[in-house]
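Here the structure is laid out as structure tokens; the discussion comes afterwards.
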Ligand code: FES
């Protein structure tokens, strides 16, 4: 069962990165859904790498948190579209990409910036 983690309301005004989760709470091959000032952000750790993406699928908005992982690919639960987490691309139509956010580790916490979407 995917755990929805609250918090994320207190912005780090210095740099707009919001602490959302202890780094050690995100295990390899797992996903955690967090809410950052109204934006649903899915944190994913695969192959030792962390990704912070908008939980809403660019196709029709289904939540990736109900989907699954296949290596570095995340699969949407609604229509099984497969998006590569490293490139953001939908495998069948590379122009369609995930929305990803910048993140960093600060004092053992994963901090995410939702103000600006990151470029792929
Ligand atoms: S809503 Fe995600 S594949 Fe259709």
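In our numbering, the protein residues as written are 1 to 120.
Glycine included, every Cβ here is placed at the ideal spot set by N, Cα and C.
Since the structure is predicted, the reported quantities are computational estimates derived from the model, not experimental observations.
- Counting along the chain, residue 35 sits inside the beta strand (DSSP E) bounded by residues 30-36.
- Residue range 68-70 is occupied by the beta strand (DSSP E) that includes residue 68.
- The beta carbons of residue 117 and residue 99 sit closer together than 7 Å.
- Around the beta-carbon of residue 55, 16 or more other beta-carbon atoms lie within 10 Å, marking it buried.
- One alpha carbon belongs to residue 90, the other to residue 114, and they sit about 22 Å apart.
- Around the Cβ of residue 107, a 10 Å sphere holds fewer than 16 other Cβ atoms; the residue is exposed.
- Placement of the Cβ of residue 31 at a distance of 6 Å or more from every heavy atom of the ligand FES is found.
- Taking 6 Å as the cut-off, the C-beta of residue 62 counts as close to a heavy atom of the ligand FES.
- Here the distance from the Cβ of residue 81 to the nearest heavy atom of the ligand FES is below 6 Å.
- In this structure, the CA atom of residue 102 is about 16 Å from the CA atom of residue 46.
- Rounded to the nearest whole angstrom, the C-alpha separation of residue 95 and residue 80 is 17 Å.
- Within its own chain, the residues whose Cβ lies closer than 6 Å to the Cβ of residue 73, once the five positions on either side in sequence are excluded, are 82, 84, listed in chain order.
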